[in-house]
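Reviewing the structure listed below.
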Amino acid sequence: MDRIKLSPNFYLDEFTRSQTAVRHGIDMSVVPGGLIYSNLRLLCKQLLQPIRNELGPVNISSGYRPLALNKLIRGSSSSQHCIGKAADFTVTGYTPLQVAQWIEANLPRYDQLIHEFGQWVHISIAGPFRDARLNSLTAVSVPQRFRKPKTVYVPGILSIEDAVTRV
Ligand SMILES: [Zn+2]
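Each position in the sequence shown, counted from 1, maps to that position plus 2 in the numbering used here.
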């Protein structure tokens, strides 16, 4: 079957790949023309394709997440991944911090932009009917005594070293 293109450099299958979904038999199919598909296309058009055009190849690590998958990986219950409005990615040749800083300075139309643990960038669109919030955050993992580490979101795009001092 031919790959379905969302924008000049992005294909639908890049957003529906998940080892966890395969292992648990979760259906990742997205209906062309449906709501999730339209949101993914808008995500590519407004954000990912402009990033690709300026910085080069974008590697999507997580795109669409059906609710069952989101639950399994303990994602936020209101995650924009569940409606195809968000993606996690890295860009070849740049650190996630560099990518997030570039987006913040050059692409002021994201709904939420998160520098996640120094490992990847999360970005989302508001969608066709809402204004973009331009909410930028840095996620850090804070060790807890006798408990699992806690994720804290610090305002702004910061290095992880800077972000932990502001927790
Ligand atoms: Zn994400």
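Glycine is no exception: its CB is placed at the ideal position from the N, C-alpha and C atoms. Values in this document were obtained by computation on a predicted structure and should not be read as measured data.
query: contact_flag[the stretch 85 to 92, the stretch 115 to 123] where n(CB pairs < 8 Å) is 3 or more; result: yes
query: Same chain, Cβ closer than 7 Å to L136, five either side skipped, listed in chain order; result: P110, Y112
query: Cβ pair H117, A102 closer than 7 Å; result: yes
query: Beta-carbon proximity check, V142 vs I162, cutoff 7 Å; result: yes
query: Assigned exposure category for K73 - 16 Cβ within 10 Å defines buried; result: exposed
query: Residue range of the alpha helix (DSSP H) that includes E16; result: Element bounds for E16: n/a, residue is neither H nor E.
query: Top-ranked residue by Cα proximity to N61, from R76, D15, K87, P68; result: D15
query: Beta-carbon proximity list for A23, same chain, < 7 Å, skipping 5 on both sides; result: M30, L71
query: Rounded separation between F12 and Q51 - CA only; result: 8 Å
query: CB-CB length for V144 against V154, believed under 8 Å; result: 5 Å
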